[in-house]
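S.K.:
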Ligand code: FAD
Ligand code: NAI
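Residue numbers (this note's numbering): 611 to 1079.
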């Protein structure tokens, strides 16, 4: 049965579902094809949302065990109820994916369950889990099929003992020893989850630093904080292989990245978190002629148009940071462009947050990037040890670092390590969106006592000086 839509989106992650809502708001007749039983994609089902539910629960567990005493709250040592913690995670996921269903209904978006294959511009074949395939006619197509975990050659994922983030979000018991391969965002967030619950966590990273792409001073200091929390790091190292033992445990062969003597580490679970790759399988792109780039991402122009007229792509499946808010903003932009508006995403002001304890938040240029580009910059810094609220809430770890142009004072980048860094970064996002100067921030009154005062103090330190240090 053929049906005609103005727009059909393949994939209901943050890119796809947001594009659908904005397009419907702008008057289009919209369908969304999704192969999974629930909407919301990686982020809502097996990514951002479940990981943040577990990060919160485990942070509470740790606080109950460690900081309550200092606050004068004497309680017996907390006891972990892992099934209930997992229930909490599942309920949060269910609430969020249910929210997308509600928004689809509210905006009269037609959900279609099945695998979408593009037959030609204007035609999609949907193969449902059961029953016959249906063909959809549509004026425009947006590919929003996201990404999947990258794999290591020779290492077979079983999602029980050798897991990706998906398995690591659903372990049935706390592993005695967890080996994390890759010191990126997933490795450090999910490594933190299990470390807080008692796992001994070792992180093996190919490069000589953690969190590549983040400001290197931030990464260095943060690594020390994680080490204090008990996490071990093996930098400049790679995993050569994993041998499964008869008792289910793992022997992991590790060698220096540049080659050399091999070391064997025992572990109960290994988490492979070495990045994600764009997902285009089954879409039929080669047949329709949609071009990919050298890394398998769908190639698009500034208007998210692929090499074929009428076919667009957004989110993790195209170039750029693999972040939910980047996908969402591209979803809004492509819907606006399809409706004759000037949809636009400002990639220069794209925040990134690591939801560990403390959190790391960053926007704009790192110091390393400014150095490499030969841009003259000044640094405004303020530690949370000098912030009254941070002392009151036992959150004195970390600092705010603002990078501004030497001549114009314009803020070029900002990096925060500290409690609630992921919330605080947004005043810098807005400031940078308006091309603001450090002085604009320094002159803005901040309520006392708040952690955000440290942000202002960092800006003040770029002028006549911070007050509280
Ligand atoms: P996805 O969310 O991957 O959605 C793609 C959808 O397309 C899926 O539902 C898939 O089933 C469907 N699909 C694919 N092919 C077809 C087909 N042929 N037919 C029908 N349906 C199809 N980002 C953040 O910004 N903040 C975070 O805190 C964060 N945490 C994360 C934690 C983890 C563990 C992981 C793995 C990722 C995390 N991310 C986070 C990244 C974030 O999840 C992605 O950037 C985001 O989901 C990308 O959205 P998307 O719409 O491009 O694709
Ligand atoms: P990543 O790209 O953040 O980190 C991967 C790490 O693995 C890098 O440090 C890399 O050098 C290392 N690595 C690569 N190959 C290796 C090897 N063979 N041996 C050892 N180390 C190796 O990827 P990650 O953590 O898997 O996350 C994937 C994506 O998901 C990221 O792009 C991230 O943006 C997104 N994400 C975002 C979150 C957030 O915004 N808070 C949370 C989780 C994921």
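Glycine residues also receive a C-beta, built at the ideal position from the N, C-alpha and C atoms. Values in this document were obtained by computation on a predicted structure and should not be read as measured data.
Using 8 Å as the threshold, is the C-beta distance between residue 908 and residue 730 below it?
M.R.: By one-based count along the chain shown, residue 908 stands at place 298. By one-based count along the chain shown, residue 730 stands at place 120. Taking 8 Å as the Cβ cut-off, residue 908 and residue 730 do not qualify as a contacting pair.
S.K.: Below 7 Å CB to CB, which residues in the same chain sit around residue 777 once its five sequence neighbours on both sides are set aside?
M.R.: Position 167 of the chain shown, counted from the first residue, corresponds to residue 777. Around residue 777: 769 and 770.
S.K.: So residue 726 is in the beta strand (DSSP E); what residue range does that whole segment cover?
M.R.: Position 116 of the chain shown, counting from 1, holds the residue named residue 726. Note, residue 726: beta strand (DSSP E), 725-730.
S.K.: Where residue 913 and residue 958 are concerned, what is the direct C-alpha to C-alpha distance, given to the nearest angstrom?
M.R.: In the chain shown, residue 913 corresponds to position 303, counting from 1. In the chain shown, residue 958 corresponds to position 348, counting from 1. So the alpha carbons of these two residues sit roughly 17 Å apart.
S.K.: Less than 8 Å between the C-beta atoms of residue 975 and residue 1023, yes or no?
M.R.: For this step, residue 975 is matched to residue 365 along the chain shown. For this step, residue 1023 is matched to residue 413 along the chain shown. Contact: yes.
S.K.: Taking the alpha-carbon positions, what's the residue 883 to residue 1077 distance?
M.R.: Working through the chain shown from its first residue, we reach residue 883 at position 273. Working through the chain shown from its first residue, we reach residue 1077 at position 467. Rounded to the nearest angstrom, the two C-alpha atoms are 42 Å apart.
S.K.: Using alpha carbons as the reference points, say which of 1054, 1045 and 616 lies closest to residue 751.
M.R.: Along the chain shown, one-based indexing puts residue 751 at 141. Nearest of 1054, 1045 and 616 to residue 751, Cα basis: 616.
S.K.: Give the single residue among 1061, 725 and 1031 whose Cα lies nearest to the Cα of residue 741.
M.R.: The count along the chain shown starts at 1 and reaches residue 741 at position 131. Answer by Cα proximity: 725.
S.K.: Residue 627 by DSSP, collapsed to three states: which one?
M.R.: In the chain shown, the residue the question calls residue 627 occupies position 17. In this structure, residue 627 counts as helix in the three-state DSSP scheme.
S.K.: Please report how far the alpha carbon of residue 696 lies from the alpha carbon of residue 917, in whole angstroms.
M.R.: By one-based count along the chain shown, residue 696 stands at place 86. By one-based count along the chain shown, residue 917 stands at place 307. Going by the C-alpha atoms only, they are around 43 Å apart.
S.K.: Taking the CB atoms as reference points, tell me whether residue 736 and residue 643 lie closer together than 8 Å.
M.R.: Translated into the one-based positions of the chain shown, residue 736 becomes position 126. Translated into the one-based positions of the chain shown, residue 643 becomes position 33. Contact flag set, yes.
S.K.: Kindly indicate which residue of 843, 828, 1050 and 659 has the alpha-carbon position closest to the one of residue 1018.
M.R.: Along the chain shown, one-based indexing puts residue 1018 at 408. Closest option to residue 1018, Cα to Cα, is 1050.
S.K.: Alpha carbons only, please: which of 1008, 973, 722 and 727 is nearest the one belonging to residue 1042?
M.R.: Within the chain shown, the letter at position 432 stands for residue 1042. The shortest Cα separation from residue 1042 among 1008, 973, 722 and 727 belongs to 973.
S.K.: Whole angstroms is fine: what's the gap from residue 707's alpha carbon to residue 648's?
M.R.: Here residue 707 refers to the residue found at position 97 of the chain shown. Here residue 648 refers to the residue found at position 38 of the chain shown. Taking the straight line from one Cα to the other gives about 6 Å.
S.K.: Where are the alpha helix (DSSP H) runs, 4 residues long or more, that stay fully inside the stretch 1043-1069, in chain order?
M.R.: The stretch 1043-1069 contains these whole alpha helix (DSSP H) runs: 1048-1052.
S.K.: Grab me the residues of residue 845's own chain with a C-beta within less than 6 Å of its C-beta, minus the 5 sequence neighbours each way, in chain order.
M.R.: Within the chain shown, the letter at position 235 stands for residue 845. Answer for residue 845: 815 and 818, listed in chain order.
S.K.: If you drop the 5 nearest sequence neighbours on each side, which residues of the same chain put their C-beta closer than 7 Å to that of residue 611?
M.R.: Looking up residue 611 in the chain shown gives position 1. Its pLDDT being 46, under 50, residue 611 is placed unreliably in this model, and the value from its coordinates should be taken loosely. Excluding residues within five positions, the ones whose Cβ falls inside 7 Å are 744.
S.K.: Does residue 830 come out as helix, strand or coil in the three-state DSSP assignment?
M.R.: As a working note, residue 830 is residue 220 in the chain shown. Three-state result, residue 830: helix.
S.K.: In chain order, what residues of the same chain lie with their CB nearer than 6 Å to the CB of residue 765, ignoring the 5 residues before and after it?
M.R.: Here the question's residue 765 lines up with position 155 in the chain shown. These residues qualify, in order along the chain: 852.
S.K.: I need the DSSP call for residue 923, collapsed to helix, strand or coil.
M.R.: Locating residue 923 in the chain shown gives position 313, where the first residue counts as 1. The answer is strand: DSSP assigns residue 923 an E or B state.
S.K.: Any heavy atom of the ligand NAI closer than 7 Å to the Cβ of residue 822?
M.R.: Counting from 1 along the chain shown, the entry for residue 822 is found at position 212. Flag set: Cβ of residue 822 near the ligand NAI.
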